[in-house]
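Structure first, then comments.
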Amino acid sequence: MTLPIRYSIFPGNPEAHLFEVRCTVDNPDPWGQTFSLPIWIPGSYLIREFAKHVVRIRAQSGRKLLRMVKLDKNNWQVEPFDGPVTVTMEVYAWDLSVRGAHLDTTHGFFNGPSVFLKVEGREEEAVEVEILPPKGTKYRNWGVATAMPRKGAKPYLFGTYEAANYDELIDHPVELGTFELATFKAGGVQHDVAITGRHRTDMRRLTKDLKTLCETQIEFFGTPAPMDRYVFLVTAVGDASTALICARNDLPHTGMDKPGGGYRTFLGLASHEYFHTWNVKRIKPAAFTPYDLDRENYTTLLWAFEGFTSYYDDLLLVRAGLMPRNTYLDTLGRNITSLLRTSGRKKQTVAESSFDAWIKYYRSDENTPNAGVSYYGKGSLIGLSLDLLIRNQTGGRKSLDDVMRALWKRYGMKGIGVPEDGIEKTAEQVTGLKLKRFFGQAVRATADLPLQKLLVTVGVDLALRPPRSGVDRRERKPTRAEKTAERGVALGVRTGAEGGNVRITHVLDGGAAQKSGLASGDIVIAMDGLRVTPDNFENQLSRYRAGDTVTLHTFRRDELNVLNMTLAAARPDAWSLSVNDNPAGARNRKRWLGTD
Ligand SMILES: [Zn+2]
17 MTLPIRYSIF PGNPEAHLFE VRCTVDNPDP WGQTFSLPIW IPGSYLIREF AKHVVRIRAQ
77 SGRKLLRMVK LDKNNWQVEP FDGPVTVTME VYAWDLSVRG AHLDTTHGFF NGPSVFLKVE
137 GREEEAVEVE ILPPKGTKYR NWGVATAMPR KGAKPYLFGT YEAANYDELI DHPVELGTFE
197 LATFKAGGVQ HDVAITGRHR TDMRRLTKDL KTLCETQIEF FGTPAPMDRY VFLVTAVGDA
257 STALICARND LPHTGMDKPG GGYRTFLGLA SHEYFHTWNV KRIKPAAFTP YDLDRENYTT
317 LLWAFEGFTS YYDDLLLVRA GLMPRNTYLD TLGRNITSLL RTSGRKKQTV AESSFDAWIK
377 YYRSDENTPN AGVSYYGKGS LIGLSLDLLI RNQTGGRKSL DDVMRALWKR YGMKGIGVPE
437 DGIEKTAEQV TGLKLKRFFG QAVRATADLP LQKLLVTVGV DLALRPPRSG VDRRERKPTR
497 AEKTAERGVA LGVRTGAEGG NVRITHVLDG GAAQKSGLAS GDIVIAMDGL RVTPDNFENQ
557 LSRYRAGDTV TLHTFRRDEL NVLNMTLAAA RPDAWSLSVN DNPAGARNRK RWLGTD
């Protein structure tokens, strides 16, 4: 009997951020076994070249060193050998995103693609992983948080874990360190919440809300839930916000009665990640079935996998009673505003945006708003439009929920990839509607979505108002200064702060700034001879009227420039949503949101 492929990972030198990772194969390819590291991680469509963090690598059998040839950037071949082969790597782990590996004296974290070698030709075989503790008494309280199945390891402790194949191995991120733990059951499945970082979280509140959220989603797709276990790995830091990393203050604290905006952001992220358990991890494009981890995998469908997930993340919070209706409508209004302010939506379709994610969405730059559209932002509004369209045209008998459940039964449950036309076909079959025209316009063309018309069917009015700011930014509750700016002017820029100065980050198509020759990267130092700072910029701008000419002093690199700019009136381009009292609309709205 041959033993499974065995890995071990040891945080050998936390001070130098180095993991030592081994992979042992008992019966290697007699022609010379090839090993490789993925160049990307499923869920994030960017070439990350994990092999660049391999500091040292060697192959041996027992004590005998074996020759190893590097074939290309991420493939190594060991000389032909009859007997077990072990490859040992030293991997540098200082990736602050949640997509790679990170190690210091306070904690360790890794995703499989950045540390575990793929044994070519053996990807379908079961594997074992021994996760070892760092040496030294200061690490004696460290534990392990992961959804990877345990083999010999005790719960939350170092020891041996296992996975059914390589894809499953790299699907479970692992956190090492000290963390606060909470556990709950949802749909009969054990869920853990492990929080690392300095925080004072009301764990009971957090657990209660996450349980409600998970139960809502399991019920949405239908029991049984597809996973044996689920772990929310949360890293609380000062100021950050991605899937697993959250701002410290976004977690609920004791004595908090009403959830603040930050906590809702956190719940929204948790909801998004959890929905991916079905949509994208199991219901996935045929192009990802299986993943080819050696090159880009192209699909035109990310607007459905990321966009529909973004649509449901907040909607299911409303249905779970974790977000009030009006907060949800405010969020929708901001999303609509942000899409309609992006002139790139007229140049790139969401199908193109999905296909080009590798070179565009994940590598956005100063021209992105003028050139492209987000398959998240527009994709979620396509989800909304499609949902309301189906509800309206079937007299409330069907909805996008039915389409998602059909995709789950047809593809996700069976492990079959969704073909490029699979979303549209399933939607038509499930609803009995002809949707070709809708998909053609929404997905493969750049026409604006019929949001106003569709929202009316659920008793929601869409209204336009002027922007609250002279520079383009996400709309929110106005400050007093911004209220007076409503009658103001638009520069057509996005700005940031740099060393106490205003820095132009984006120059938007057709705006006053673009006409005057202002460019992204320019530092604005004065407006009509008065010093400009990030704090007073809006206020200074609010003193002008449309048609006024203003002189700006700017630096481009180290050269001082003087620009004269004729200011344009701010067009009303901020959308807000409000409910009306149409009784039929109210009935439909209740069916849609699950609440009045
Ligand atoms: Zn996502």
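Numbering (our numbering), first residue to last: 17 to 612.
Just so you know, even glycine gets a beta-carbon here, dropped at the ideal spot from N, CA and C.
Close Cβ partners of residue i (< 8 Å) along its chain, the five nearest in sequence each way excluded
i: Gly433; result: Lys300, Pro301, Ala302, Ala303, Phe304, Thr305 and Tyr427
i: Ser257; result: Only weak support exists for where Ser257 lies, its pLDDT of 39 falling under 50; the value from the coordinates is given anyway. Closer than 8 Å at Cβ, skipping near neighbours: Ala263, Asp266, Thr281 and Leu285.
i: Thr565; result: Asn580, Met581, Thr582 and Leu583
i: Met429; result: Pro242 and Arg298
i: Leu471; result: Leu404, Asp477, Leu478 and Leu593
i: Thr447; result: Ile406, Gln409, Thr410, Lys414, Asp418 and Val419
i: Val505; result: Gly486, Ala528, Leu557, Tyr560, Arg561, Ala562, Asp564, Leu583, Ala584, Ala585 and Ala586
i: Leu546; result: Gln556
i: Asn552; result: none
Distance between residue j and residue i (C-alpha atoms, nearest Å)
i: Glu554; j: Val487; result: 8 Å
i: Gly78; j: Thr18; result: 17 Å
i: Pro599; j: Arg519; result: 49 Å
i: Asn342; j: Asn351; result: 14 Å
i: Met543; j: Asp346; result: 34 Å
i: Gly349; j: Ser594; result: 9 Å
i: Ala336; j: Asp403; result: 18 Å
i: Gly323; j: Gly393; result: 7 Å
i: Val247; j: Leu568; result: 52 Å
i: Gln468; j: Gln364; result: 22 Å
i: Glu231; j: Gly399; result: 22 Å
i: Asn90; j: Ile73; result: 12 Å
i: Asp208; j: Arg166; result: 14 Å
i: Gly137; j: Gln76; result: 20 Å
i: Glu144; j: Leu480; result: 58 Å
i: Leu317; j: Glu436; result: 7 Å
i: Ala259; j: Trp319; result: Caution applies to Ala259, whose pLDDT of 42 falls short of 50 and renders its modelled position unreliable; the value that the coordinates give is listed next. Approximately 18 Å between the Cα atoms of the pair.
i: Leu173; j: Val71; result: 28 Å
i: Trp424; j: Asp310; result: 28 Å
i: Val37; j: Asp45; result: 21 Å
i: Arg83; j: Phe97; result: 10 Å
i: Gly277; j: Pro340; result: 12 Å
i: Thr611; j: Arg421; result: 21 Å
Own chain, CB closer than 7 Å to residue i, minus 5 neighbours either side, in chain order
i: Thr500; result: Its pLDDT being 47, under 50, Thr500 is placed unreliably in this model, and the value from its coordinates should be taken loosely. Excluding sequence neighbours, Thr500 sits near Ser558.
i: Pro466; result: Ser401
i: Gln233; result: Tyr290, Phe291 and Leu332
i: Ala463; result: Gln457
i: Pro27; result: Phe35, Leu119, Gly124, Pro150 and Leu192
i: Asp329; result: Gly284, Ser287, His288 and Phe291
i: Tyr155; result: Pro149
i: Gly99; result: Ser77
i: Gly533; result: Leu579
Check whether residue i and residue j have beta carbons under 7 Å apart
i: Pro482; j: Ala562; result: no
i: Gly116; j: Trp158; result: no
i: Gly388; j: Ser401; result: no
i: Arg221; j: Pro268; result: yes
i: Asn313; j: Gly475; result: no
i: Thr325; j: Phe371; result: no
i: Leu338; j: Asp218; result: no
i: Val366; j: Val459; result: yes
i: Tyr23; j: Phe132; result: yes
i: Leu249; j: Ala202; result: no
i: Ala180; j: His215; result: no
i: Val41; j: Val135; result: yes
Same chain only: Cβ atoms within 6 Å of residue i, ignoring 5 sequence neighbours per side
i: Glu440; result: Phe455
i: Gln93; result: Gly48, Thr50, Val85 and Leu87
i: Gly175; result: Gly168 and Ala169
i: Phe125; result: His118 and Glu191
i: Ala602; result: Gly475
i: Arg572; result: Asp538
i: Thr223; result: Ala198 and Phe200
i: Gly512; result: Arg519 and Thr521
Those residues which DSSP pairs with residue i across a bridge
i: Pro301; result: Val434
i: Glu191; result: Phe125 and Ala161
i: Ala198; result: Val209
i: Ala513; result: Val518
i: Ser24; result: Arg38 and Glu146
i: Tyr177; result: Val145 and Arg166
i: Ser594; result: Asp477
* Contiguous alpha helix (DSSP H) assignments of at least 4 residues, all confined to the segment 46 to 122 -> Listed in chain order, there is nothing to give.
* Complete alpha helix (DSSP H) runs within the segment 299 to 373 (minimum length 4 residues, chain order) -> Counting only runs of 4 or more, we get 318 to 321, 323 to 335, 341 to 356 and 366 to 371.
* Every unbroken alpha helix (DSSP H) inside the segment 205 to 266 [4 residues or more] -> Taken in chain order, the unbroken stretches of alpha helix (DSSP H) that lie wholly in the segment 205 to 266 and span 4 residues or more are 219 to 237.
* To do: List in chain order: all unbroken alpha helix (DSSP H) runs of 4+ residues lying wholly within the segment 374 to 426.
  => Taken in chain order, the unbroken stretches of alpha helix (DSSP H) that lie wholly in the segment 374 to 426 and span 4 residues or more are 384 to 387, 393 to 409 and 416 to 423.
* Fully enclosed by the segment 446 to 492, which beta strand (DSSP E) runs are 3 residues long or longer? -> Qualifying beta strand (DSSP E) stretches, in chain order: 476 to 481.
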